[in-house]
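Have a look at the structure below, then the notes.
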Amino acid sequence: MDTPAAPSAVKTFGEGQSPRDLTASAFLAAVDAGSTNQQDYLEDLLALSVDLASYSTVCETATSTFIGHRSGTLAGVAIVVKDNIDVAGSATTGGTPALAGNRVSASAPLVERLIGAGAIVTAKNTMHELALGATSNNAFQGVPRNPWDPTRICGGSSGGTAGAVALGLAPVGIGTDTGGSIRMPAALCGLFGFRPSPGRYPEGGMLSLSPTRDTAGPLTRSMEDILLIDSVLAARPAATPVPAVDAIRLGTSPFHSYDLHPDVANSYARALQTLQSKAVEFSDVAIGDIVESAGAIATTILWGEAEKSIQDYLDHAGGPSLQDLIGSIASPDVRLILSSGLGSVSERDYSAAIETRRQLRAELSRRLNTAGVQALMFPTVPVVAPLIKESDLMEHNGRNVPVFPTLIRHTDLGGVLGLPGISVPVRPGTRTGLPVGIEFTSPPETDDDLLALVTTLEPHISHVASPSTLSLALAPSPSPASPKDLP
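Counting in the numbering used here, the sequence shown runs from 3 upward without gaps.
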């Protein structure tokens, strides 16, 4: 691929820093210092989104929201939102053709909370159709390209949201996570991604697959911004760091340590060594049987809830019918999965799966408590970002493996059991130069403790690339693009 020209429309300020490189916290500080203002900042980000449109991370720009000065905790902070979450005045399509005209009049409660704190939703983001996939390869909206290598995926299903934040189109994105759809794209795009325990944030106004498993959460370029957004969405004070690093004891899972891409294995080992040098204690915790048992009930819970959950959203939206939605699905993989999954789970099997989930949650908490560890630490994803063309199979450690189960191999546990989890970007791989993420996860409803712990640890291991050092303007590509048409 020829080296394209760099974007030219975006101004710099201060010491030559581009607005796209500002985190939300840094933007608020810059406004306070008088080195930028809300309007100029938003106009710069809008110009950037035009320059970088070929990355296909944005499906709709909310230009009308740019009018007027904002006040509050998030005054003027630009936020992008996954296209399965309602934003008033914008369409919520879920990445599927049948909902292309679903322009909503009210925002989801969590979006209202962000706007109430002064944030400005600047765009809706492309996603895997109906959130039923891990690549975000979408035959309707196009394929979001990874800012680190535009021939690779951003991950899914919140791929467009992760890509937009990594590009610098906004410092904060709101995605959703069923089995890893916040944490996995965060890892593949070099971001922080927080999956809260379900119920921590206001619910509703979202095209959801599984209320038991689904939750919305932030993707950012700093841990400080995770804490800032969480404090607004959870309506509580921001978590504060654990007083001493040497008071932390973490669990490592042998299940999460095998068959890793060499870059992932090396980055994980380096993070472990760094934290050990800071006197963090580690203990192996065997949870492979819990992971396997959770995997066995994962789709039972999903398909036990998906039909009612989707139908409830369609009823609220005033149509279309579920049958029309299925009939117009653009992505073959999603059409096949949805057609075979809906109606496949009996009430008896669903109830049994929910009971198994309850038991597994209790057993995981018991094992962590017995081991005396506050959280588990493991690679968020066992591989680096696959190529876009590797939509079904990918090369991994000398063999072909299926993409979807490989990408969610580590994150699905948290989705099934409803655990809080944070993916932290660490130094990129030495072979590929691609991002690697490390996840920290803890028992259900321990979000505050997990946030405090990770806030203490991440300065020692995290690595975030400035957006302006990553992306170049790509030559325009057909939109929407089919995965098979892309390099």
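Beta carbons: idealized from backbone N, C-alpha and C, even for Gly.
Give the secondary structure of Leu395 by DSSP, where H, G and I count as helix, E and B as strand, and everything else as coil.
Reduced to three states, the DSSP call for Leu395 is strand.
Using the Cα positions of Leu230 and Lys280, report the straight-line distance between them to the nearest angstrom.
Their Cα atoms are separated by approximately 26 Å.
Determine the closest residue to Pro437 out of Cys156, Val52 and Ala133, with distance taken between C-alpha atoms.
Across the set Cys156, Val52 and Ala133, the C-alpha of Cys156 shows the shortest separation from the C-alpha of Pro437.
Would the region 304-323 count as touching the region 358-373 if we require 3 or more Cβ pairs under 8 Å?
These segments do not touch.
Whole angstroms is fine: what's the gap from Arg22's alpha carbon to Phe29's?
Answer to the nearest angstrom: the Cα atoms are 10 Å apart.
Residues of its chain near Gly423, where Cβ-Cβ distance is below 6 Å and the 5 sequence neighbours each way are ignored
If we look at Gly423 and ignore the five residues flanking it on each side, its Cβ neighbours are Arg185, Arg197, Gly416, Glu441 and Thr443.
Counting along the chain, where does the beta strand (DSSP E) carrying Lys126 start and finish?
First-last of the beta strand (DSSP E) with Lys126: Ile122 to Asn127.
Give a yes or no on whether the C-beta atoms belonging to Leu47 and Ala121 are separated by under 8 Å.
In this structure, Ala121 does not lie closer than 8 Å to Leu47 by Cβ.
Contact set for Ala355: own chain, Cβ-Cβ below 6 Å, skip 5 residues either direction:
Excluding residues up to 5 positions away in sequence, Ile299, Thr302 and Ile303 lie with their Cβ nearer than 6 Å to the Cβ of Ala355 in the same chain.
Suppose you measure from the CA of Val247 to the CA of Ala35; what does that come to, to the nearest Å?
Cα atoms of Val247 and Ala35: separation of roughly 33 Å, rounded to the nearest angstrom.
Check whether the region 86-93 touches the region 185-194, taking contact to mean three or more Cβ pairs, one atom from each stretch, closer than 8 Å.
With a cut-off of 8 Å, the region 185-194 and the region 86-93 do not count as touching, because too few Cβ pairs lie within range.
Over what stretch of residues does the beta strand (DSSP E) that includes Lys84 continue unbroken?
Unbroken beta strand (DSSP E) run through Lys84: Ala80 to Lys84.
Since I believe Pro430 is in contact with Val466 (beta carbons under 8 Å), could you give me their beta-carbon distance rounded to a whole number of angstroms?
Contact flag wrong, Cβ pair sits at about 11 Å.
Return the CA-CA distance between Ala483 and Arg238, expressed in angstroms with no decimal places.
With a pLDDT of only 42 at Ala483, under the threshold of 50, the placement of this residue in the model should not be trusted; the figure read from the coordinates follows. Taking the straight line joining both Cα atoms gives about 42 Å.
Is it true that the region 164-180 meets the region 212-226, where meeting means three or more beta-carbon pairs spaced less than 8 Å apart?
Judged by pairs of C-beta atoms under 8 Å, the region 164-180 touches the region 212-226, as three or more such pairs exist.
Proximity below 8 Å, CB of Val123 to CB of Ala64:
Yes, Cβ-Cβ distance for Val123 and Ala64 is below 8 Å.
Could you check what DSSP says for Thr25 in three-state terms: helix, strand or coil?
Assigned with DSSP and collapsed to three states, Thr25 falls in coil, not helix or strand.
Spatial neighbours of Asn86 within its chain, please: C-beta separation below 7 Å, excluding the five flanking residues on both sides.
Within the same chain, Asn86 has close Cβ partners Thr94, Gly96, Met129, Ala133, Thr178, Met208 and Leu209.
Could you spell out the range, first to last residue, of the beta strand (DSSP E) harbouring Met379?
Taken as a continuous stretch (DSSP letters only), the beta strand (DSSP E) holding Met379 covers Ala377 to Pro381.
Would you list, in sequence order, the uninterrupted beta strand (DSSP E) runs of no fewer than 3 residues that lie entirely inside the region 217-252?
Within the region 217-252, the runs of beta strand (DSSP E) at least 3 residues long that lie entirely inside it are, in chain order, 217-222.
Note the first and the last residue of the continuous beta strand (DSSP E) segment covering Glu283.
Annotation for Glu283: the continuous beta strand (DSSP E) segment containing it runs Glu283 to Asp286.
Is Pro256 helix, strand or coil by DSSP?
Note: Pro256 maps to helix in three-state DSSP.
Please identify the residue among Ile289, Gly329, Asp317 and Ser333 whose C-alpha is closest to the C-alpha of Ala377.
Ala377 has its Cα closest to that of Ile289, out of Ile289, Gly329, Asp317 and Ser333.
Which residue from Gly329, Asp286 and Pro388 puts its Cα closest to that of His263?
Relative to His263, the option among Gly329, Asp286 and Pro388 whose CA is nearest is Pro388.
Using C-beta distances below 6 Å, list every residue in its chain close to Phe284, excluding the 5 sequence neighbours before and after it, in chain order.
The residues are Leu252 and Thr254.
Quick check on Gly416: does DSSP put it in helix, strand or coil?
Helix.
Would you list the one or two residues that DSSP bridges to Val89?
Per the DSSP secondary-structure output, Val89 pairs with nothing in a beta bridge.
Please state the DSSP three-state secondary structure of Gly181.
Residue state, collapsed to three classes: coil.
When you compare only the Cα positions, how much space is there between Gly345 and Ala172?
When the Cα atoms are used, Gly345 and Ala172 turn out to be separated by approximately 39 Å.
Suppose contacts are defined by Cβ-Cβ distances below 8 Å. Is Ala319 in contact with Leu211 by that definition?
Here Ala319 is not near Leu211, since their CB atoms are 8 Å or more apart.
Rounded Cβ spacing between Ala80 and Leu44 (contact assumed at less than 8 Å)
The pair is a contact, with the Cβ atoms about 6 Å apart (cut-off 8 Å).
Tell me where the beta strand (DSSP E) around Ser425 begins and ends.
Gly423 to Val428 is the span of the beta strand (DSSP E), which, as asked, contains Ser425.
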